[in-house]
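To keep things clear, I will list the structure first and then write my remarks on it.
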Amino acid sequence: MRKSFRNRGFLPGFGMTMGYTIIYLSLLVLIPLSVLFLKASTMSWEQFIGTIMDTRVLASIRVSIMTSFFAACLNAVFGVLVAWVLVRYQFAGKRIIDGIVDLPFALPTAVGGIALTSIYAENGWIGQYLAEWGIKVAYTPIGIWVALTFIGLPFVVRTVQPVLQDWDLQMEEAAATLGATRWNTFWRVVLPHLLPAIITGFALAFARALGEYGSVVFISGNMPLKTEIVPLLIMTKLEQFDYAGATAIATVMLVISFIMLLIINYLQWKINKFDAAR
Amino acid sequence: MAGCSAAAPAETGNGAAGSNSTVELLNVSYDPTREFYQDINKEFALEWQQKTGQTVTIKQSHGGSGKQSRSVIDGLEADVVTLALAYDIDAIAERGLIPADWQKKLSDNSSPYTSTIVFLVRKGNPKQIKDWDDLIKPGIAVITPNPKTSGGARWNYLAAWGYALKTNGGDEAKAQEFVAQLFKNVPVLDSGARGSTTTFVERGIGDVLIAWENEAYLAVNELGKDKFEIVNPSLSILAEPPVTIVDKYADKHKTKEAAEAYLQFLYSKKGQELAAKHYYRPRSQEVLKAHTPAFPDIQLFTIDELFGGWTKAQKTHFADQGVFDQLYKP
């Protein structure tokens, strides 16, 4: 099927709106990001490799990716649970809980980070009990994980919620009539349908966590090779007026996140096709 | 547009021509000077009004010293900068906004007030911390920010280094070993000085906080004399936070005269008194003597005598693959 580039919809003004879209994206996304590459290109190839292959930089990339991944995983599981409860049940205070989900969006993340640190530090409300069990949260990778889970929470909930809302209950009823158990119905009928939304939410939470700075610097303890995240190293370089070094690391992160998003988009596309084929 | 900062078009030097005009200055400073400059601005505006009849308003901008320096480089049009270390102003000078010899323009290395590095410990000093040597003992948790991200922390690091150097007869290897040992005792490396203070004070982590003297006083006065006390080491560094005019922008705004007077005011008796009030060590011996109980006698060395100035210290110690990166391997 061939689609013409200029598809005449019933709303007028494609030329204007397309032009606006391009300019808007250029000013806000494309030009700033290409400056990043430009700045990094002031380094020689050896300098660039030297900067990003530094043991501290590699360690921080590992810490950032691992903690972001696990945070997104946790959110993928419990975000679905939260969305499920919010869509399927009626209870007092539902609207308030629905609103609370968005708080990590609205809050300056530094505030979230300070609050989490004070609670999970060894003398904090929760931290003191965990310390009795020998679990240290603040100033360890676990602390980073907690902070990144906090800032990623709304993504999964807000992508899964509308899909659940549109879901036709008759499908579940049909499954039940055909003798499926409740668990089977969820596992075989509901979950596959939700999967694209969950993966989108996961990807968004993951990408967001990779770049998170404010909430993590307070809870991580910033120990080199152990709890240093990539954005902190970028700040470190800037603090030494090493703009090129900072952008080199930023470029690597940009490429990594872009590849991740591509993979996840591809997965989603596969699942959609599989879904449509059934 | 020009009206926001320009005085009368023809400034005559004695201020008579500007008798009915206003002038606005932007002071880009670092974090803990906020309250100090609020006091300075009020007093200076009063004095300037009496002298010239001109109304001066001074806007303040605060943040980490390095970040503030970058803002000015990237186009924040500061008339004066008052930062935590000369290296941050050198960086501005490198971009041609300030002449390279800026530090010679005002007396005392262009630092009208100074400070030093002291220890803050918990009340009663349970771990008996008296001097730098106690910080490297096993089992002592030391709180200091990361010298790679915090200008204040670079002073802490150099103070420790200088102490080790002086007590070991100038042996660089021993100094490096000492500082490496010290950083092994650091459980949390905050990105800024205020973060470290919070970690020590609010989170209850660590036995000793390495801090600027004025910050230590603020912590004690605001958070309780019953909880913390200050320990003065036998030997420490003379921290000289420098000030200067950003010539390029002051010329552009035609505010040079007021900006110069503003910085000179920091050296005046009144300015020195205010510095002492905010626990910065005044340069004026007279004012210092009047406040001696607050500023105990600590033997102080300067960064120029032990490290050959900021640019060199920065390059040797804090640049990537520098001494700090080598010694700090947890």
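Protein chains in written order, with our numbering: chain F, 1 to 278; chain W, 1001 to 1330. From the three backbone atoms N, C-alpha and C, an ideal C-beta is built for every residue, glycine too.
1) Measure the alpha-carbon distance for Leu194 of chain F versus Gly134 of chain F and round it to whole angstroms.
2) Roughly how many angstroms separate the alpha carbons of Val77 of chain F and Leu178 of chain F, rounded to a whole number?
3) So with Cβ pairs under 8 Å, would you call Ile1143 of chain W a contact of chain F?
4) Roughly how many whole angstroms lie between the Cα atoms of Glu1286 of chain W and Tyr1217 of chain W?
5) According to DSSP, which residues form a beta bridge with Trp1212 of chain W?
6) Could I get the ranges of all uninterrupted alpha helix (DSSP H) runs contained in the stretch 1067 to 1136 of chain W, with 4 residues as the minimum, in chain order?
7) Between which two residues does the alpha helix (DSSP H) containing Phe91 of chain F stretch?
8) Taking only beta-carbon positions, decide if Ile1089 of chain W is within less than 8 Å of chain F.
9) Quick check on the DSSP output: the alpha helix (DSSP H) that includes Thr109 of chain F runs from which residue to which?
10) Measuring alpha carbon to alpha carbon, tell me which of W:Thr1082, W:Arg1154, W:Asp1226, W:Lys1254 ends up nearest Val1179 of chain W.
11) Between Leu1209 of chain W and Ser1191 of chain W, how many whole angstroms is the CB-CB distance? I'm expecting something under 8 Å.
12) Just curious, the beta strand (DSSP E) that Ala1239 of chain W is in, first and last residue?
13) Measuring only between beta-carbons, confirm whether Met18 of chain F sits less than 8 Å from chain W.
14) Please report how far the alpha carbon of Glu1186 of chain W lies from the alpha carbon of Ala248 of chain F, in whole angstroms.
15) Just how far apart, CA to CA, sit Trp187 of chain F and Ala174 of chain F?
16) Counting only beta-carbon atoms, is Ser1191 of chain W nearer than 8 Å to chain F?
17) From the beta carbon of Ile1393 of chain W, is the nearest beta carbon of chain F less than 8 Å away?
18) According to DSSP, Gln1299 of chain W sits in a beta bridge with which residue or residues?
19) Could I get the ranges of all uninterrupted alpha helix (DSSP H) runs contained in the stretch 41 to 111 of chain F, with 4 residues as the minimum, in chain order?
20) Can you tell me whether Ile1237 of chain W is buried or exposed? The criterion is at least 16 other CB atoms within 10 Å of its CB, across all chains shown.
21) For Ala294 of chain F and Thr185 of chain F, which I take to be in contact (beta-carbon distance under 8 Å), what is that distance rounded to the nearest angstrom?
22) Ignoring anything shorter than 4 residues, give me the alpha helix (DSSP H) runs that lie fully in the stretch 1132 to 1197 of chain W, in order along the chain.
23) What whole-angstrom Cβ distance do Val1081 of chain W and Val1072 of chain W have, given they're in contact under 8 Å?
24) Taking only beta-carbon positions, decide if Ala1017 of chain W is within less than 8 Å of chain F.
25) In chain W, which residues lie less than 8 Å from Ala121 of chain F when you measure between Cβ atoms?
26) Given that Lys1148 of chain W touches chain F, what residues does it touch there, using C-beta distances under 8 Å?
27) Check the C-beta distance from Ala138 of chain F over to Tyr120 of chain F and give it rounded, since I have them as a contact under 8 Å.
28) In the stretch 218 to 233 of chain F, which residues sit with their C-beta less than 8 Å from some C-beta in chain W, listed in chain order?
29) Buried or exposed: which applies to Ala106 of chain F, given that a residue is buried once 16 or more other Cβ atoms fall within 10 Å of its Cβ?
30) With distances taken between CB atoms, is the gap from Leu204 of chain F to Phe155 of chain F smaller than 8 Å?
31) Any contact of the stretch 1134 to 1144 of chain W with the stretch 1252 to 1261 of chain W, i.e. 3+ C-beta pairs under 8 Å?
32) Quick check: what's the CA-CA separation for Ile256 of chain F versus Val190 of chain F?
33) What is the DSSP secondary structure of Asn1027 of chain W, reduced to helix, strand or coil?
34) So, using beta-carbon positions, are Ile1143 of chain W and Phe1200 of chain W closer together than 8 Å?
35) Just to confirm the assignment, what range does the alpha helix (DSSP H) spanning Lys1042 of chain W have?
36) According to a CB-to-CB cut-off of less than 7 Å, which residues of the stretch 123 to 149 of chain F neighbour chain W?
This is what the structure holds:
1) If you draw a straight line from the Cα of Leu194 of chain F to the Cα of Gly134 of chain F, it comes to about 38 Å.
2) 28 Å
3) no
4) 21 Å
5) In the DSSP output, where bridge partners are listed per residue, Trp1212 of chain W has W:Ile1117.
6) 1086 to 1094, 1132 to 1135
7) Counted as a single uninterrupted DSSP element, the stretch harbouring Phe91 of chain F is not any alpha helix (DSSP H), since DSSP gives it neither H nor E.
8) no
9) 109 to 120
10) The residue with the shortest Cα to Cα distance from Val1179 of chain W is W:Arg1154.
11) Actually they are not in contact, since the Cβ atoms of Leu1209 of chain W and Ser1191 of chain W sit about 15 Å apart, beyond 8 Å.
12) 1235 to 1239
13) no
14) Going by the sequence as given, residue 1186 of chain W is Val instead of Glu. Using only the alpha carbons, I get a separation of about 29 Å.
15) 15 Å
16) yes
17) Nothing about residue 1393 of chain W can be read from this structure; chain W reaches only from 1001 to 1330.
18) W:Leu1235
19) 45 to 52, 55 to 88, 94 to 100, 103 to 106
20) Burial call: buried.
21) Since the displayed chain F opens at 1 and closes at 278, residue 294 of chain F lies outside it and no answer follows.
22) 1132 to 1135, 1151 to 1167, 1172 to 1184
23) 6 Å
24) Only weak support exists for where Ala1017 of chain W lies, its pLDDT of 43 falling under 50; the value from the coordinates is given anyway. The beta carbon of Ala1017 of chain W does not come within 8 Å of any beta carbon belonging to chain F, so the residue lies off that interface.
25) Arg1203, Gly1204, Ile1205
26) Correct list: Thr236, Glu239, Gln240.
27) Contact flag correct, Cβ pair sits at about 5 Å.
28) Phe218, Gly221, Asn222, Met223, Pro224, Leu225, Lys226, Leu232
29) exposed
30) yes
31) no
32) Ile256 of chain F and Val190 of chain F have their C-alpha atoms spaced approximately 32 Å apart.
33) strand
34) yes
35) 1034 to 1052
36) Taking 7 Å as the Cβ-Cβ cut-off against chain W, the residues of the stretch 123 to 149 of chain F that qualify are Asn123, Tyr139.
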